[in-house]
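If you want our numbering, it's the position in the sequence shown, counting the first as 1, plus 84.
I have placed the structure first, in the form of structure tokens, so that the comments after it can refer back to it.
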Amino acid sequence: MSVDLRTRIKREADQCVKCGLCLPHCPTYAKTLDEGDSPRGRIALIQALVEERLPASDRLAYHLDRCLACRACERACPSGVHYGPLIDSARALLEQKRPSRRAGSWLHAGLLAWTTGGPGRLRAAIRLLRLYRASGLRRVIRGSGLFPRLARMETLFPDPPSAPAGRNEYHPPVGEARGQVALFTGCVTDLADPAVLDASIRLLRLAGYGVHLPPGQGCCGALHLHAGDLDRAQTLARRNLSAFNALTVDAVLYTASGCGATLREYAAGPGRDKSAPGPFSAPVMDVTQFLAAIEWPAHLAPAPLEQRAAIQDPCLQRNVLRDTTPPYRLLARIPALETVALPGNERCCGAAGAYMLEQPEMADALRADKLEALRECGAELLVTSNIGCAIHLAAGLRAAGSAVEVVHPVVLLERQIADRL
Numbered sequence: 085m086s087v088d089l090r091t092r093i094k095r096e097a098d099q100c101v102k103c104g105l106c107l108p109h110c111p112t113y114a115k116t117l118d119e120g121d122s123p124r125g126r127i128a129l130i131q132a133l134v135e136e137r138l139p140a141s142d143r144l145a146y147h148l149d150r151c152l153a154c155r156a157c158e159r160a161c162p163s164g165v166h167y168g169p170l171i172d173s174a175r176a177l178l179e180q181k182r183p184s185r186r187a188g189s190w191l192h193a194g195l196l197a198w199t200t201g202g203p204g205r206l207r208a209a210i211r212l213l214r215l216y217r218a219s220g221l222r223r224v225i226r227g228s229g230l231f232p233r234l235a236r237m238e239t240l241f242p243d244p245p246s247a248p249a250g251r252n253e254y255h256p257p258v259g260e261a262r263g264q265v266a267l268f269t270g271c272v273t274d275l276a277d278p279a280v281l282d283a284s285i286r287l288l289r290l291a292g293y294g295v296h297l298p299p300g301q302g303c304c305g306a307l308h309l310h311a312g313d314l315d316r317a318q319t320l321a322r323r324n325l326s327a328f329n330a331l332t333v334d335a336v337l338y339t340a341s342g343c344g345a346t347l348r349e350y351a352a353g354p355g356r357d358k359s360a361p362g363p364f365s366a367p368v369m370d371v372t373q374f375l376a377a378i379e380w381p382a383h384l385a386p387a388p389l390e391q392r393a394a395i396q397d398p399c400l401q402r403n404v405l406r407d408t409t410p411p412y413r414l415l416a417r418i419p420a421l422e423t424v425a426l427p428g429n430e431r432c433c434g435a436a437g438a439y440m441l442e443q444p445e446m447a448d449a450l451r452a453d454k455l456e457a458l459r460e461c462g463a464e465l466l467v468t469s470n471i472g473c474a475i476h477l478a479a480g481l482r483a484a485g486s487a488v489e490v491v492h493p494v495v496l497l498e499r500q501i502a503d504r505l
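Structure follows, in structure tokens:
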């Protein structure tokens, strides 16, 4: 066991006074009413693990793994407990004590592998997936019920994904240059919804900004961080910092709030190892925040859209980045579009990175609340700025036979501007 890790966990956990003010904000506790599924209950389990009063049992791991790491409790905590770093560190400790505990989770291990393997490994994985879907093996495996996580993956990605398209490292501004930005492409967005990146590049260029896509960038490390692989997460952080800090730009932009929260926490902070990577040399912000803040060019007048859009606030945008306003401000540029906050935005939708694969029952129960809220508010569009939320919610809408479209705010805005050009 790492003494430094154990010390960090104990120091942070001891800040919790078990007051219970976090309980109304915890999505899993609201569903189970089990203290083991509450923030203070999990912290008590973590303290017992560190102090060796409890073994690293399956039951203890069950309660820690069922945490979404949505960090709603962190925002509500009057004692200032940094719960996000605490749960990540506790999972890392579990990995040290029981290195084989995820051995059966081969799908999760595969996700971690392809996000760190670069585009070559990703293309190879996609080819294998296409072969699997085209073969009779798919029908045999689905009929056997032996691989539920693989079946779960197919509900999230019903169509075989395409390999990420090659993009230029630099996209010059259209018209008069107003500045230079760098775009973080991530790993899942480029696979599951590349239109988000394409729309971001096009809008930024039309607004007068040159867009850099540094070739050395890669996965932000969020999946690894939340799985307890702190060393790999820091390796990925250093790779990204090296790639982006080699550029001179006005801002580093991201399209997914989940990635953004991780990028913003690369700098050493409360509960983090002081050897953690340092900050970016340019401000890091959501692409919607950047586009909403700049002076909007007069020639980019969006076409009217007479629809109602419900905006879903991703957890980390609300609880870590602490600013949910940019999508609302950006979409206010579209005439006739009615935007409303999705009721229940303070609760997680259940996506939470790999959580929707690893904890399908809880993930689906939380998603069901969102879909009911969406049905009641009568929106024709569901807008979210996080790729994981978009994948999870879209799968639920497909299963329900709903025609509601899930769309990123930048894609929606670019679509309306494209109609005018």
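Virtual Cβ for every residue (Gly too), placed ideally from N, Cα, C.
On a predicted model such as this, the values are computed, not experimentally measured, just so you know.
Item, Value
"Output needed for G485: all residues of its chain with C-beta closer than 7 Å, excluding positions within five of it in sequence on either side, in chain order.", "none"
"Return no unless some Cβ of chain C is closer than 9 Å to the Cβ of S141.", "Although the question refers to chain C, the structure presented lacks it and comprises just one protein chain."
"Tell me G263's beta-bridge partners as DSSP assigns them.", "Y293"
"Is the beta carbon of L400 sitting closer than 9 Å to the one on N470?", "yes"
"For G292, which residues in the same chain have their Cβ closer than 8 Å to its Cβ, ignoring the five residues on either side in sequence?", "P257, V258, G259, E260, A261, R262, G263 and P381"
"Per the DSSP calculation, A335 is bridged to which residue(s)?", "V265"
"Got a sec? Which residues, its chain only, sit under 7 Å from G506 by beta carbon, not counting five neighbours each side?", "The shown model of the chain, from 85 to 505, leaves out residue 506, and the question about it has no answer."
"So which of Q391, E96, Y146 and Y113 has the shortest CA-CA distance to Q500?", "Q391"
"Name, in chain order, the residues that DSSP records as bridge partners for R392.", "E422"
"According to DSSP, which residues form a beta bridge with L465?", "A393 and E489"
"Beta carbon of V488, beta carbon of A279: below 9 Å?", "no"
"Rounded to whole angstroms, what's the CA-CA distance from E135 to L129? Just pull it up for me.", "10 Å"
"Going along the chain, which residues of its own chain have a beta-carbon closer than 7 Å to the beta-carbon of S365, five neighbours each way excluded?", "N329"
"Whole angstroms is fine: what's the gap from Y412's alpha carbon to G104's?", "33 Å"
"Among A145, N252 and P169, which residue has its Cα nearest to the Cα of L178?", "A145"
"Taking buried to mean at least 16 other C-beta atoms within 10 Å of its own C-beta, is V424 buried or exposed?", "exposed"
"If you draw a straight line from the C-alpha of D98 to the C-alpha of L117, how long is it?", "23 Å"
"So, at 8 Å on beta carbons, what are the nonlocal neighbours of G188 in its own chain, with the 5 sequence-adjacent residues on each side left out?", "Since pLDDT at G188 reaches only 46, below the 50 mark, its modelled position is unreliable, and the value read off the structure follows with that caveat. There are no such residues."
"In the structure shown, what three-state DSSP assignment does V368 receive?", "strand"
"D277 to A311, Cα distance in whole Å?", "24 Å"
"Measuring only the C-alpha atoms, how far is L317 from Y350?", "Before going further, note that residue 317 is Ala rather than Leu in the sequence given. Computed Cα separation, rounded: 10 Å."
"Along the alpha helix (DSSP H) that carries K181, what are the first and last residues, could you check?", "Y167 to K181"
"Within 10 angstroms of its Cβ, does P419 collect 16 or more other Cβ (buried), or is it exposed?", "exposed"
"Ordered along the chain, which non-local residues of its own chain (more than five positions away) have a Cβ less than 6 Å from that of R159?", "N403"
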